[in-house]
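Numbering (the numbering used here), first residue to last: 27 to 465.
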């Protein structure tokens with residue numbers, strides 16, 4: 027009897043365990059929509075660790091990026107190549123890019139898929155002037171750019187070989203900035219398949235065998251539970267700050283706030299906001315590799331514009347400051363050997379510099395008008411005012427003017443209570459005369 031009960035208990039446990047086991051199958055999903063930077067790199071690496079720890083059947087990376095930092099890309103690719111869970115890269119939604127750094131990441135996936143209407147490629151390291159983006163017949167004019175091209179070519183070639191993908195196209199993506207559509211990518215064996223959405227992707231890769239951590243593993247993901255892993259608040263903040271456009275805007279806003287506070291002490295709010303912006307800009311510059319030369323030229327431009335207020339240069343300092351700000355802003359992230367990120371020249375840098383210049387021009391105009399007007403403060407303002415003799419002036423005495431009692435002297439005797447006009451200020455003594463009847 028006891029034996030039968032034991033077998034019944036085991037059978038009952040199996041009946042309950044099988045649905046639970048089926049329900050436990052899940053796929054983790056992360057999304058990177060924007061530049062590749064240390065924040066997005068940490069996000070993916072943490073997601074891989076989480077997926078390895080919670081027994082996920084796979085980790086799907088939905089990708090839409092124009093590119094980013096080579097160092098962050100290297101860390102992401104390394105984490106994907108050494109992951110103990112299948113990593114599926116899905117370039118989506120329709121119209122998405124896997125440009126530049128995105129091409130490296132897509133090729134590094136155990137499975138690479140693209141949505142219809144997406145594109146991949148253009149993996150050359152580039153600069154603001156386009157110096158890093160060269161065709162096969164262009165002359166090599168920069169040692170740094172040539173070095174960056176050779177390194178990134180070897181890097182993407184090794185990734186393509188590891189995942190058994192089109193090595194020749196991968197090299198063209200770096201050397202010739204080759205870019206192709208999703209259909210061409212499948213035809214050239216750059217990616218594995220095209221899927222319209224996440225559910226379609228999971229159904230199409232069901233049963234596919236991939237090499238994970240040196241072993242062959244069959245994907246069983248069709249109908250699996252979808253668990254999205256979101257960025258933490260701090261990671262989201264760092265991801266926002268890791269943009270050259272945001273960094274430059276924060277610098278300019280910070281300098282403007284500090285300048286307003288210096289010119290109008292006691293306002294507090296502009297100064298506090300300026301300090302906050304500069305602190306956030308400092309964090310951004312810790313994340314992004316920047317050029318000290320570009321930053322110094324940018325700050326020099328701001329200094330020249332401010333100097334225009336105090337130095338009469340007939341606008342030369344102002345124009346030089348504007349030029350320095352444009353040049354410095356365009357140089358600040360122009361480092362093709364480590365990044366293809368840069369400040370948006372026409373959509374961000376030019377409008378910001380123009381706005382800063384207009385504001386500074388208004389300040390210069392206002393200060394200039396102030397210098398040109400007659401002084402209206404201090405003891406000189408007393409000249410011409412009319413007061414009253416509080417004592418008889420014979421010839422010295424006291425007068426009451428502008429709410430104050432002053433020692434005064436006159437060239438004639440003036441009785442108490444008579445109206446007097448101030449003609450001069452001699453130290454702490456006023457020179458007065460009898461006021462005319464019309465005053």
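Glycine is no exception: its CB is placed at the ideal position from the N, C-alpha and C atoms.
Please read these numbers as outputs of a predicted model, since none were measured by experiment.
Query raised in the report: With 16 as the cutoff for other CB atoms within 10 Å, does residue 433 come out buried or exposed?
Result: Position 407 of the chain shown holds residue 433. When all chains shown are included, residue 433 counts as exposed.
Query raised in the report: Exposed or buried, what is residue 298 when buried is set at 16 or more other beta-carbons lying within 10 Å of its beta-carbon?
Result: Reading the chain shown from its first residue, position 272 is the one you call residue 298. Looking at its Cβ environment, which holds fewer than 16 other Cβ atoms inside 10 Å, residue 298 is exposed.
Requested in this report: Pull up the DSSP beta-bridge partners for residue 189, would you.
Outcome: Reading the chain shown from its first residue, position 163 is the one you call residue 189. BP columns for residue 189 are empty, so no partner.
Query raised in the report: In this structure, does DSSP put residue 27 in helix, strand or coil?
Result: The residue given as residue 27 occupies position 1 in the chain shown. Low per-residue confidence applies at residue 27: pLDDT is 46, beneath 50, and the placement is therefore not dependable, though the value from the model is reported in the following sentence. Coil at residue 27, not helix or strand.
Query raised in the report: Within this structure, are the beta carbons of residue 177 and residue 130 separated by less than 9 Å?
Result: In the chain shown, the residue the question calls residue 177 occupies position 151. In the chain shown, the residue the question calls residue 130 occupies position 104. No, they are not a contact pair.
Requested in this report: Could you name the residues of the same chain whose beta carbon sits closer than 7 Å to that of residue 193, not counting the 5 residues immediately before and after it, in chain order?
Outcome: To locate residue 193, count along the chain shown from 1; it is residue 167. The answer, listed in chain order, is 183, 186 and 187.
Requested in this report: Check each candidate in 337, 83, 286 and 275 and name the one with the smallest Cα separation from residue 321.
Outcome: Numbered from 1 along the chain shown, position 295 holds the residue referred to as residue 321. For residue 321, the nearest C-alpha among the options comes from 275.
Query raised in the report: Exposed or buried, what is residue 259 when buried is set at 16 or more other beta-carbons lying within 10 Å of its beta-carbon?
Result: As a position in the chain shown, residue 259 is number 233, starting the count at 1. Looking at its Cβ environment, which holds fewer than 16 other Cβ atoms inside 10 Å, residue 259 is exposed.
Query - Among 354, 355, 148 and 232, nearest to residue 490 - alpha-carbon criterion - result: Any question about residue 490 goes unanswered here, given that the chain covers just 27 to 465.
Query raised in the report: With a cut-off of 8 Å, do at least 3 Cβ pairs link the stretch 100-115 to the stretch 63-82?
Result: yes
Report task. Ignore the nearest five residues each way along the sequence and tell me which others in residue 257's own chain have a CB closer than 6 Å to its CB. Result -> Along the chain shown, read from residue 1 onward, the residue named residue 257 stands at position 231. Contacts found: 69.
Query - C-beta contact flag for residue 313 and residue 54 at 9 Å - result: Translated into the one-based positions of the chain shown, residue 313 becomes position 287. Translated into the one-based positions of the chain shown, residue 54 becomes position 28. In this structure, residue 313 keeps its C-beta atom at 9 Å or more from the C-beta atom of residue 54.
Requested in this report: Output the distance between the C-alpha atoms of residue 375 and residue 263, rounded to the nearest integer angstrom.
Outcome: If you number the chain shown from 1, residue 375 lands on position 349. If you number the chain shown from 1, residue 263 lands on position 237. Cα-Cα distance, rounded: 22 Å.
Requested in this report: Indicate whether residue 203 and residue 216 have their beta-carbon atoms separated by less than 9 Å.
Outcome: By 1-based counting over the chain shown, the position of residue 203 is 177. By 1-based counting over the chain shown, the position of residue 216 is 190. Going by C-beta atoms, residue 203 is not nearer than 9 Å to residue 216.
Requested in this report: For residue 139, count neighbouring Cβ atoms within 10 angstroms of its own Cβ and tell me buried if that reaches 16, exposed if not.
Outcome: Here residue 139 corresponds to residue number 113 of the chain shown, with the count starting at 1. Buried, by the Cβ-count rule.
Report task. For residue 108, verify whether its CB is less than 8 Å away from any heavy atom of the ligand HEM. Result -> The ligand HEM is absent from the structure shown, which contains no ligand whatsoever.
Query raised in the report: What distance in whole Å lies between the Cβ atoms of residue 114 and residue 95, which are believed to be in contact at a cut-off of 8 Å?
Result: As a working note, residue 95 is residue 69 in the chain shown. As a working note, residue 114 is residue 88 in the chain shown. Cβ-Cβ separation between residue 95 and residue 114: approximately 23 Å, too far for a contact (criterion under 8 Å).
Query raised in the report: What separation, rounded to the nearest whole angstrom, lies between the Cα atoms of residue 351 and residue 381?
Result: As a first step, residue 351 must be located in the chain shown, where it is residue number 325. As a first step, residue 381 must be located in the chain shown, where it is residue number 355. Residue 351 and residue 381: Cα-Cα distance of roughly 12 Å.
**Report entry** Those residues which DSSP pairs with residue 89 across a bridge
**Finding:** Stepping through the chain shown from its first residue, residue 89 is reached at position 63. Residue 89 pairs with 58 and 117.
Report task. Count the other C-beta atoms from every protein chain shown that fall within 10 angstroms of the C-beta of residue 372, then say buried if there are 16 or more, exposed otherwise. Result -> The residue you call residue 372 lines up with position 346 of the chain shown. It counts as exposed.
Query raised in the report: Near residue 444, what residues of its chain come up, given a Cβ to Cβ distance below 6 Å and the 5 sequence neighbours on each side ignored?
Result: Position 418 of the chain shown, counting from 1, holds the residue named residue 444. Within the same chain, residue 444 has close Cβ partners 415.
Report task. Reducing DSSP to helix, strand and coil, say where residue 260 ends up. Result -> Residue numbering aside, residue 260 sits at position 234 when the chain shown is read from its first letter. Correct three-state label for residue 260: helix.
Requested in this report: Leaving aside the five residues before and after residue 56 along the sequence, list all residues of the same chain whose C-beta is less than 6 Å from its C-beta, in chain order.
Outcome: Locating residue 56 in the chain shown gives position 30, counting from the first residue. These residues qualify, in order along the chain: 73, 87 and 255.
Query raised in the report: Is the number of C-beta pairs between the stretch 116-123 and the stretch 293-311 that are closer than 8 Å three or more?
Result: no
Query raised in the report: CA-CA distance, residue 166 and residue 310?
Result: In the chain shown, counting from the first residue as 1, residue 166 sits at position 140. In the chain shown, counting from the first residue as 1, residue 310 sits at position 284. Caution applies to residue 166, whose pLDDT of 44 falls short of 50 and renders its modelled position unreliable; the value that the coordinates give is listed next. Spanning the two alpha carbons is a distance of roughly 32 Å.
Requested in this report: Keeping to the same chain, check which residues put their C-beta closer than 6 Å to that of residue 51; ignore five residues upstream and five downstream.
Outcome: As a working mapping, residue 51 is identified with position 25 in the chain shown. If you ignore the 5 residues before and after residue 51, its C-beta comes within less than 6 Å of the C-beta of 83 and 250, all in its own chain and listed in chain order.
Report task. Over the uninterrupted alpha helix (DSSP H) stretch that includes residue 76, give me the two end residues. Result -> By 1-based counting over the chain shown, the position of residue 76 is 50. Start and end: 64-80.
Query - Nearest-angstrom beta carbon gap, residue 60 and residue 91 [assumed within contact, 8 Å] - result: Translated into the one-based positions of the chain shown, residue 91 becomes position 65. Translated into the one-based positions of the chain shown, residue 60 becomes position 34. Their Cβ separation, rounded to whole angstroms, is 6 Å, which keeps residue 91 and residue 60 in contact under 8 Å.
Requested in this report: Going by CA-CA distance only, name the one from 224, 288, 409 and 134 that's closest to residue 236.
Outcome: As a first step, residue 236 must be located in the chain shown, where it is residue number 210. Of the candidates 224, 288, 409 and 134, the one whose C-alpha sits nearest the C-alpha of residue 236 is 134.
Query raised in the report: Alpha carbon to alpha carbon, what distance is there between residue 278 and residue 356?
Result: One-based indexing of the chain shown puts residue 356 at position 330. One-based indexing of the chain shown puts residue 278 at position 252. Each residue's Cα considered, the two are about 14 Å apart.
Requested in this report: Less than 8 Å between the CB atoms is what I'm expecting for residue 146 and residue 205, so what's the real figure, rounded?
Outcome: Taking the chain shown and counting its residues from 1, the one referred to as residue 146 is at position 120. Taking the chain shown and counting its residues from 1, the one referred to as residue 205 is at position 179. Contact flag correct, Cβ pair sits at about 7 Å.
Query raised in the report: Is residue 419 helix, strand or coil by DSSP?
Result: What you label residue 419 is simply residue 393 of the chain shown in a count that begins at 1. Residue state, collapsed to three classes: strand.
Query raised in the report: Where does residue 182 fall in DSSP's three states?
Result: Mapped onto the chain shown, residue 182 falls at position 156. DSSP places residue 182 in helix when its eight states are reduced to three.
Query - Inter-residue CB distance, residue 451 and residue 461 (contact presumed, cutoff 8 Å) - result: By one-based count along the chain shown, residue 451 stands at place 425. By one-based count along the chain shown, residue 461 stands at place 435. With 8 Å as the limit, residue 451 and residue 461 do not qualify as a contact, their Cβ atoms being about 17 Å apart.
Query - Straight-line Cα distance separating residue 342 from residue 473 - result: Absent from the structure is residue 473, since the part of the chain shown begins at 27 and ends at 465.
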